[in-house]
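J.: Chains as they are written, first to last, in my numbering: chain A, 29 to 173; chain B, 29 to 173; chain C, 29 to 173.
Below is the structure I would like to discuss, written out as structure tokens.
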């Protein structure tokens, strides 16, 4: 993955271009740590050769895993990067497109790029923190934290 | 729903975090009125416990209603807030993900959050107005208005 | 299609409103040429009366074409405009919603608007260039170019 700053204002826009074989979430999280991102949003298009998606099971309070083992278009990939403790945490949801145009989507657990993923990330000067939500056990954005 | 300004430039970025049971459109419209939003865009991810989606029937010139009565991931929720007369009007489209990763989507008529919805809203200093489109009876953005 | 500048900062936000019968990609590309866009991103909602979507066949190294011949909601349409040589090039992916809420999506080859498409385009002062990727034959964003 390579990156380029497109705009230096009160917010910065950064293009991130992922390459074949890149696993999106850990690379994005590493980038966020290196650049101390505290409140960012991003949107991406491209394609994947494999993915693992999550659906939050409200009874079990955990994610069901949905495995995608085929070449798919990334029709939308939206998310944010916020602070969980002092560590940046990526939260992303995706819609993928198959050969016949049918779609499959979920919370991004794993996503392997092929051939490219074009991410536009906007970094805000503020910060957003997550705290553990008691009912679900999930770390959710807490505006007051 | 709670909100936080992340960036005060010529455009402002505001994080809106919806909580369990929140009905998205009326709360967003109330926020828009309180803050006199005249041209905003937003994107969100999260999850819902129920929704009513719309599909515009071109013959009837009205929305068919599609009811969703299950826990779903919000895979994408994109929209804008513009002026209809002097009142802010929310226009949002959503793609929802089911337990098996299959998707369903439409124009957002109703959306009940569970457990969270993370909205990033960008407020522009300009304005956009809607006027009634004769052919459809819909209020559409009119650049010249 | 009509356009309006909403924000003149280091980045500019431009609303583009497409009208019935507009073919999205060539009109967007013409706008990009007229305004010398070198690094832009956009997001849109609205509706189409027809579309041709693409799925990149990894074996053939070319797009399969998926034809949509019905009125559909544009649930998400995300993309970017970058430079291919010295010409602006639109890259967009879409998720469309049918009457029953089912979805279909892909790379946008053709998209005919009905009745409206509301695009919010953000122009950055930087630039992004595409170069031909050897393995696929596709023009992909090359951060170093």
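The beta-carbon is built from N, C-alpha and C at its ideal position, and this holds for glycine as well.
1. May I ask you to report which of helix, strand or coil DSSP gives residue 75 (chain B)?
2. State yes or no: is the C-beta of residue 71 (chain A) within less than 8 angstroms of the C-beta of residue 148 (chain A)?
3. Report yes or no: is there a C-beta of chain C within less than 8 angstroms of the C-beta of residue 53 (chain A)?
4. For residue 104 (chain C), list the residues DSSP reports as bridge partners.
5. Taking 8 angstroms as the cut-off, decide whether the C-beta atoms of residue 103 (chain C) and residue 123 (chain C) are in contact.
6. For residue 153 (chain C), return the contacting residues in chain A, with the cut-off set at a CB-CB distance below 8 angstroms.
7. How many whole angstroms separate the CB atoms of residue 118 (chain C) and residue 109 (chain C), which I take to be in contact at a CB cut-off of 8 angstroms?
8. Where does residue 143 (chain A) sit, in a helix, a strand or coil, going by DSSP?
9. Can you check whether the CB of residue 158 (chain A) is closer than 8 angstroms to the CB of residue 112 (chain A)?
10. Does the separation of the CB atoms of residue 121 (chain C) and residue 129 (chain C) fall below 8 angstroms?
11. Mind the definition here: the segment 33–51 of chain C touches the segment 42–59 of chain B only if three or more C-beta pairs lie below 8 angstroms; say whether that holds.
12. Kindly indicate if chain A contains any beta-carbon less than 8 angstroms away from that of residue 148 (chain B).
13. Taking its Cβ as the centre, do 16 or more other Cβ atoms sit within 10 Å of residue 171 (chain C), making it buried, or is it exposed?
14. Taking 8 angstroms as the CB-CB limit, is residue 116 (chain C) close to chain A?
15. What would DSSP say about residue 56 (chain C), mapped onto helix, strand or coil?
16. Measure from the alpha carbon of residue 165 (chain B) to the alpha carbon of each residue in B:84, B:34, B:57, B:155, then state which is nearest.
17. Does the distance from the CB of residue 143 (chain A) to the CB of residue 168 (chain C) come in under 8 angstroms?
18. With respect to the beta strand (DSSP E) encompassing residue 50 (chain A), which residues constitute its N-terminal and C-terminal limits?
19. Scan the segment 101–115 of chain B for residues whose Cβ lies nearer than 9 angstroms to a Cβ of chain A and list them as they occur along the chain.
20. Give me the DSSP bridge partner(s) of residue 161 (chain B).
21. Sort out for me which residues DSSP pairs residue 135 (chain B) with in a bridge.
22. Looking only at C-alpha atoms, which of B:107, B:173, B:150 sits nearest to residue 34 (chain B)?
23. Who are the neighbours of residue 168 (chain C) on chain A, taking C-beta pairs under 7 angstroms?
24. In or out: residue 50 (chain A) buried (at least 16 other Cβ within 10 Å) or exposed?
25. Decide if residue 106 (chain B) is buried, meaning its Cβ has at least 16 other Cβ atoms within 10 Å, or exposed.
26. Return the chain-ordered list of same chain residues with a C-beta closer than 6 angstroms to the C-beta of residue 161 (chain C), the five sequence neighbours on each side being excluded.
27. Would you say residue 137 (chain A) reaches chain B, if we count a Cβ-Cβ gap shorter than 8 angstroms as a contact?
28. Could you tell me whether any Cβ in chain B is nearer than 8 angstroms to the Cβ of residue 71 (chain C)?
29. Please report the residue range of the beta strand (DSSP E) in which residue 170 (chain C) lies.
30. At which residues does the beta strand (DSSP E) containing residue 30 (chain C) begin and terminate?
31. Could you check how far apart the C-beta atoms of residue 53 (chain B) and residue 76 (chain B) are, in whole angstroms? I think they sit under 8 angstroms.
32. Determine the DSSP secondary structure at residue 99 (chain A), reduced to helix, strand or coil.
33. Closer than 7 angstroms by C-beta to residue 125 (chain A): which residues in its own chain qualify, once you throw out the five before and the five after it? Chain order, please.
34. Which word fits residue 173 (chain A), buried or exposed, when buried means at least 16 other C-beta atoms lie within 10 angstroms of its C-beta?
35. Considering only the beta carbon of each residue, do residue 154 (chain B) and residue 60 (chain B) sit closer than 8 angstroms?
36. Use the C-beta contact count for residue 88 (chain B): other C-beta atoms within 10 angstroms, 16 or more gives buried, fewer gives exposed.
T.: Based on what the coordinates show:
1. In the second chain, residue 75 (chain B) corresponds to position 47, counting from 1. Of the three classes helix, strand and coil, the one that applies to residue 75 (chain B) here is strand, per DSSP.
2. Taking the first chain and counting its residues from 1, one reaches residue 71 (chain A) at position 43. Taking the first chain and counting its residues from 1, one reaches residue 148 (chain A) at position 120. Less than 8 angstroms separates the beta-carbon of residue 71 (chain A) from that of residue 148 (chain A).
3. Stepping through the first chain from its first residue, residue 53 (chain A) is reached at position 25. No, no contact with chain C.
4. Here residue 104 (chain C) is taken as the residue at index 76 of the third chain, counted from 1. Bridge partners of residue 104 (chain C) according to DSSP: C:123.
5. Position 75 of the third chain, counting from 1, holds the residue named residue 103 (chain C). Position 95 of the third chain, counting from 1, holds the residue named residue 123 (chain C). Yes; because the gap between Cβ atoms is below 8 angstroms, this pair is in contact.
6. Reading the third chain from its first residue, position 125 is the one you call residue 153 (chain C). Per Cβ cutoff of 8 angstroms: 34, 35.
7. On the third chain, residue 118 (chain C) is found 90 positions in, with the first residue counted as 1. On the third chain, residue 109 (chain C) is found 81 positions in, with the first residue counted as 1. Residue 118 (chain C) to residue 109 (chain C), Cβ: 5 angstroms. Contact.
8. Here residue 143 (chain A) is taken as the residue at index 115 of the first chain, counted from 1. It is a strand residue.
9. Sequence index remark: in the first chain, residue 112 (chain A) carries index 84 (1-based). Sequence index remark: in the first chain, residue 158 (chain A) carries index 130 (1-based). Yes, these two residues count as a Cβ contact at 8 angstroms.
10. Counting from 1 along the third chain, the entry for residue 121 (chain C) is found at position 93. Counting from 1 along the third chain, the entry for residue 129 (chain C) is found at position 101. Result no, Cβ atoms of residue 121 (chain C) and residue 129 (chain C) do not sit closer than 8 angstroms.
11. Contact between the segment 33–51 of chain C and the segment 42–59 of chain B is absent, with fewer than three C-beta pairs closer than 8 angstroms.
12. Indexing the second chain from 1 puts residue 148 (chain B) at position 120. Yes, its Cβ sits closer than 8 angstroms to a Cβ of chain A.
13. As a working note, residue 171 (chain C) is residue 143 in the third chain. Sixteen is the threshold: since fewer than 16 other Cβ atoms of the shown chains lie within 10 Å of the Cβ of residue 171 (chain C), the residue is exposed.
14. By 1-based counting over the third chain, the position of residue 116 (chain C) is 88. Interface annotation, residue 116 (chain C): not in contact with chain A, CB-CB separation never under 8 angstroms.
15. Translated into positions along the third chain, residue 56 (chain C) becomes position 28. Helix, per DSSP.
16. Residue numbering aside, residue 165 (chain B) sits at position 137 when the second chain is read from its first letter. The shortest C-alpha separation from residue 165 (chain B) is found at B:84.
17. Position 115 of the first chain, counting from 1, holds the residue named residue 143 (chain A). Position 140 of the third chain, counting from 1, holds the residue named residue 168 (chain C). In this structure, residue 143 (chain A) lies near residue 168 (chain C), with their beta-carbon atoms less than 8 angstroms apart.
18. As a working mapping, residue 50 (chain A) is identified with position 22 in the first chain. Residue 50 (chain A) -> no beta strand (DSSP E), and no H or E assigned at all.
19. Listed by position, the residues of the segment 101–115 of chain B near chain A (Cβ gap below 9 angstroms) are 101, 102, 103, 104, 105, 106.
20. Stepping through the second chain from its first residue, residue 161 (chain B) is reached at position 133. DSSP lists no partner for residue 161 (chain B).
21. Position 107 of the second chain holds residue 135 (chain B). Under DSSP, residue 135 (chain B) takes part in a beta bridge, and its partners are B:82, B:121.
22. As a working note, residue 34 (chain B) is residue 6 in the second chain. Out of B:107, B:173, B:150, B:150 has the C-alpha closest to the C-alpha of residue 34 (chain B).
23. In the third chain, counting from the first residue as 1, residue 168 (chain C) sits at position 140. Simply 143, 144.
24. By 1-based counting over the first chain, the position of residue 50 (chain A) is 22. Residue environment for residue 50 (chain A): buried (at least 16 other C-beta atoms within 10 angstroms of its C-beta).
25. For the purposes of this step, residue 106 (chain B) is taken as residue 78 along the second chain, with counting starting at 1. Per the 10 Å Cβ criterion, buried.
26. What you label residue 161 (chain C) is simply residue 133 of the third chain in a count that begins at 1. Closer than 6 angstroms at Cβ, skipping near neighbours: 168.
27. Numbered from 1 along the first chain, position 109 holds the residue referred to as residue 137 (chain A). Interface annotation, residue 137 (chain A): not in contact with chain B, CB-CB separation never under 8 angstroms.
28. Along the third chain, one-based indexing puts residue 71 (chain C) at 43. Yes, contact with chain B.
29. Sequence index remark: in the third chain, residue 170 (chain C) carries index 142 (1-based). Residue 170 (chain C) -> beta strand (DSSP E) spans 167–170.
30. Here residue 30 (chain C) refers to the residue found at position 2 when the third chain is read from its first residue. For residue 30 (chain C), the enclosing beta strand (DSSP E) starts and ends at 30–36.
31. As a position in the second chain, residue 53 (chain B) is number 25, starting the count at 1. As a position in the second chain, residue 76 (chain B) is number 48, starting the count at 1. Contact doesn't hold; Cβ gap of about 12 angstroms is too wide.
32. Translated into positions along the first chain, residue 99 (chain A) becomes position 71. Residue 99 (chain A) carries a coil assignment under DSSP once its states are collapsed to helix, strand and coil.
33. Working through the first chain from its first residue, we reach residue 125 (chain A) at position 97. If you ignore the 5 residues before and after residue 125 (chain A), its C-beta comes within less than 7 angstroms of the C-beta of 100, 101, 103, 131, all in its own chain and listed in chain order.
34. Along the first chain, one-based indexing puts residue 173 (chain A) at 145. Looking at its Cβ environment, which holds fewer than 16 other Cβ atoms inside 10 Å, residue 173 (chain A) is exposed.
35. Along the second chain, read from residue 1 onward, the residue named residue 154 (chain B) stands at position 126. Along the second chain, read from residue 1 onward, the residue named residue 60 (chain B) stands at position 32. No, Cβ-Cβ distance for residue 154 (chain B) and residue 60 (chain B) is not below 8 angstroms.
36. Here residue 88 (chain B) refers to the residue found at position 60 when the second chain is read from its first residue. A residue is called buried when at least 16 other Cβ atoms come within 10 angstroms of its Cβ; residue 88 (chain B) does not meet this threshold and is exposed.
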